[in-house]
Structure formats: structure tokens, C-alpha cells
Amino acid sequence: DGEELAKKGLVVVTINYRLGIFGFYTHPELTKESPNHASGNYGLLDCVAALEWIQKNIAAFGGDPNQVTIAGQSAGAMAVHALTASPLAKGLFQRAIAESGSSVGRRTKELAASEQDGVKWAETKGAATLQELRAKPAADLMGGARFAPVVDGWFLPADVAAIFAQNKQNDVPTMTGLTADEGSASPTYGKVKAEDFTKQAQQRFGEQAADFLKLYPSNDQTQSSLSQKQSARDQGLVAMYLWAAERAKTARTKAYTYYFTRGIPWPEHPEFGAFHTGDVPYFFAN
Numbered sequence: 281d282g283e284e285l286a287k288k289g290l291v292v293v294t295i296n297y298r299l300g301i302f303g304f305y306t307h308p309e310l311t312k313e314s315p316n317h318a319s320g321n322y323g324l325l326d327c328v329a330a331l332e333w334i335q336k337n338i339a340a341f342g343g344d345p346n347q348v349t350i351a352g353q354s355a356g357a358m359a360v361h362a363l364t365a366s367p368l369a370k371g372l373f374q375r376a377i378a379e380s381g382s383s384v385g386r387r388t389k390e391l392a393a394s395e396q397d398g399v400k401w402a403e404t405k406g407a408a409t410l411q412e413l414r415a416k417p418a419a420d421l422m423g424g425a426r427f428a429p430v431v432d433g434w435f436l437p438a439d440v441a442a443i444f445a446q447n448k449q450n451d452v453p454t455m456t457g458l459t460a461d462e463g464s465a466s467p468t469y470g471k472v473k474a475e476d477f478t479k480q481a482q483q484r485f486g487e488q489a490a491d492f493l494k495l496y497p498s499n500d501q502t503q504s505s506l507s508q509k510q511s512a513r514d515q516g517l518v519a520m521y522l523w524a525a526e527r528a529k530t531a532r533t534k535a536y537t538y539y540f541t542r543g544i545p546w547p548e549h550p551e552f553g554a555f556h557t558g559d560v561p562y563f564f565a566n
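This note's numbering applies: residue 281 is where the sequence shown begins, and numbers increase by one.
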């Protein structure tokens, strides 16, 4: 709800975009019929269409097409990074906010590999061709698989990180951050047995496990629970820092980072803390 932000003089536009198979499905036949020789990323193309609409129409609502900020949280943060990397979004926005979704190491799948995944998925629905898939009711195609952005050669000519490394991104000031308890909705958050947490550290860090366990000791369950939460928080902070450091290698604009620790006043569920999406009501001042 953008009402409180509107009171501060912002024109707030929220958009819908396609999800699941309708937003990100790839298939060789879809690629073949496309004039751009691409498939997938339809949901992100919806975002581009919305930004193009804003450029043409926002002045009629009191907005400035030269002062557009895009913002998204979680999967929306992924969309923000993808739009920042996409040549199709060039000039359509001047600032970006990515909430709970900035880290290094995540790679976007190439189109050819994703197309084969699409063929296999269609087979699970009893469809050997795109025509057979299109003949099925939409409800029969929902769920059962996760679809994600791809390097399609059109919306994304390369992996997002590679585009930044090549200094081909839409270089705009960017704010990003995370909540203190991103994983608190997980039933295992802070509840792994002390001995199991120690074993996990040994498996993950090998010779450095002793150093890790000095920082995050796990001698009893109370101590281990705190260590599990703190190590997850620190990992998130380090991931955000590394992302900003990588970005700074080519970007000329500034990056701003935040760490959101305020839990929503929710006496019934203190265990969730500053949970994933818990910053969004504060972002909108609701």
C-alpha cells in the first residue's frame, strides 16, 4: 500500500508480472517461434513493459520519468538485479533498491540447458510438443516445478555477474540490505542439535572448523542456538559486503547497504525476530 509514501510526494506504482511456467518457462519450440530467438524471462519482460508504460504515462499522475526508482524484495530483489543488468531496461530507471537478495556466487542458467529442463518437464505433463502443452488447462500446469530467469541472449545477454564485471550494467545508485533473521521461518532455524551443528561446521570448513567454532561455539544447546543464528546473520552480512565489493569494481555510482534488526511487534511469535519480508511494512510506512 503506497499511501504513506504518496503523502511524502512519491508516485508509487506497484505492478503484476507473470510467475511460474507462465513467467519463466523455456522450451526449444518457444525459442524457435520467438523473433528474438529466446524463451523464458517473460515475467521480467513484464517489468520492462511496466517501466516503458511509466516513461510514457507517469507525468499524467504527477510523476517524473527521469526520477524512477525500482524496488523489490527477495525474488523482487533478483528482478531488480536482472533489470539492472538488462540492456532492454537501459534508461528506464535511475535508482534501484534490492531488499534481501544481494550476494555473490549465484549463477543464472544458460538457455540451452534450461530448454532441456523444459522439455523434460513437459514430458511429466504428458506433452511431447508445445502444442500439446498449450492444449492443457492452465490449472494443470501450475506448481510442481520452480522456474527461474535464464541467460536468454535477449533480456539477459550474459549472467548478471558477468554483465557487471564487463561494466555493461545500467549503472545506477543502488541500496541493498537484509533482515537479521532471514531464515527464521525455517523449522530448523536455531534448532539444530549442538552436536549436529558441530558436525556441519567440520564438514563445511574442514581445517578451518576449529576457528569457526571459536567464533560460534556449540558446547551446549543454548549456546549452539545462539551461534547458529549469529553465524547465519554474519554470513548474510558478508555476502552483502562481497556483492557490494564486486559491484564497486566497475560501478561509478554509489551503493548503500543496511541491516534491518527490528522485529515486528508480534508478542505471540518472538521466535521469528526480524524475519524475511519483515522490513517491507516499514519500507511502505504501514
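Think of the CB as a built atom: it goes at the ideal place given N, C-alpha and C, for glycine as much as any other residue.
Computed from a predicted structure; not experimentally measured.
Separation of residue j from residue i, as counted between CA atoms
{"i": "asparagine 450", "j": "leucine 363", "result": "8 Å"}
{"i": "threonine 454", "j": "glycine 371", "result": "15 Å"}
{"i": "alanine 531", "j": "threonine 541", "result": "28 Å"}
{"i": "phenylalanine 555", "j": "serine 466", "result": "10 Å"}
{"i": "alanine 393", "j": "leucine 285", "result": "42 Å"}
{"i": "valine 360", "j": "lysine 400", "result": "29 Å"}
{"i": "serine 383", "j": "methionine 520", "result": "5 Å"}
{"i": "alanine 445", "j": "alanine 438", "result": "11 Å"}
{"i": "glutamate 551", "j": "leucine 391", "result": "41 Å"}
{"i": "alanine 415", "j": "serine 511", "result": "49 Å"}
{"i": "leucine 567", "j": "glycine 433", "result": "Residue numbering for the chain in the displayed model covers 281 to 566; residue 567 lies beyond these limits and cannot be assessed."}
{"i": "alanine 490", "j": "arginine 426", "result": "37 Å"}
{"i": "phenylalanine 564", "j": "alanine 460", "result": "19 Å"}
{"i": "aspartate 476", "j": "glutamine 483", "result": "10 Å"}
{"i": "lysine 287", "j": "proline 561", "result": "16 Å"}
{"i": "asparagine 566", "j": "leucine 324", "result": "27 Å"}
{"i": "glutamine 374", "j": "alanine 407", "result": "43 Å"}
Cut-off 6 Å between Cβ atoms - residues of its own chain near residue i, not counting five sequence neighbours on either side
{"i": "lysine 509", "result": "Gly470"}
{"i": "glutamate 403", "result": "none"}
{"i": "alanine 351", "result": "Ile377"}
N- and C-terminal bounds of the alpha helix (DSSP H) containing residue i
{"i": "arginine 364", "result": "Rather than arginine, the amino acid found at residue 364 in this sequence is threonine. Residues 355-365."}
{"i": "arginine 484", "result": "474-485"}
{"i": "alanine 286", "result": "283-286"}
{"i": "isoleucine 301", "result": "300-304"}
{"i": "phenylalanine 492", "result": "489-495"}
{"i": "tyrosine 469", "result": "Note, tyrosine 469: premise wrong, no alpha helix (DSSP H); not H, not E."}
Own chain, CB closer than 7 Å to residue i, minus 5 neighbours either side, in chain order
{"i": "proline 345", "result": "Ile334, Gln335, Ile338 and Ala339"}
{"i": "threonine 478", "result": "Leu493 and Ser498"}
{"i": "leucine 410", "result": "His307, Glu309 and Leu310"}
{"i": "threonine 537", "result": "Thr456, Gly457, Met520 and Ala524"}
Same chain, Cβ closer than 8 Å to residue i, neighbours up to 5 away in sequence not counted
{"i": "alanine 535", "result": "Pro453, Thr454, Met455, Thr456, Ala524, Arg527 and Ala528"}
{"i": "proline 497", "result": "Gln503, Ser504 and Ser507"}
{"i": "leucine 517", "result": "Leu458 and Tyr539"}
{"i": "aspartate 326", "result": "Ile295, Asn296, Tyr297, Arg298 and Gly303"}
{"i": "leucine 522", "result": "Ser383 and Val384"}
Host beta strand (DSSP E) of residue i (start-end)
{"i": "threonine 456", "result": "454-459"}
{"i": "alanine 318", "result": "That residue, alanine 318, is in no beta strand (DSSP E); it is neither H nor E in DSSP."}
{"i": "alanine 376", "result": "375-379"}
Distance CB(residue i)-CB(residue j) smaller than 7 Å
{"i": "alanine 481", "j": "aspartate 500", "result": "no"}
{"i": "glycine 356", "j": "valine 291", "result": "no"}
{"i": "aspartate 381", "j": "serine 464", "result": "Residue identity differs from the one stated: residue 381 is glycine in this sequence, not aspartate. No."}
{"i": "lysine 389", "j": "valine 430", "result": "yes"}
{"i": "alanine 365", "j": "valine 440", "result": "yes"}
{"i": "glycine 398", "j": "tyrosine 305", "result": "yes"}
Near the ligand GTP: residue i beta-carbon under 6 Å from a heavy atom
{"i": "isoleucine 334", "result": "The model on display carries no ligand, and the ligand GTP is accordingly not part of it."}
Below-7 Å beta-carbon distance, residue i vs any chain C residue
{"i": "alanine 519", "result": "Considering every chain present, this structure includes no chain C. It has just one protein chain."}
Please specify which runs of the alpha helix (DSSP H), each continuous and at least 4 residues long, are wholly inside the stretch 502-566, giving them in chain order. Within the stretch 502-566, the alpha helix (DSSP H) runs of at least 4 residues that lie entirely inside it are, in chain order, 560-563.
Can you list, in chain order, the stretches of the alpha helix (DSSP H) that have 4 or more residues and sit fully within the stretch 388-465? Whole alpha helix (DSSP H) segments, 4+ residues: 391-404, 410-414, 418-421 and 440-445.
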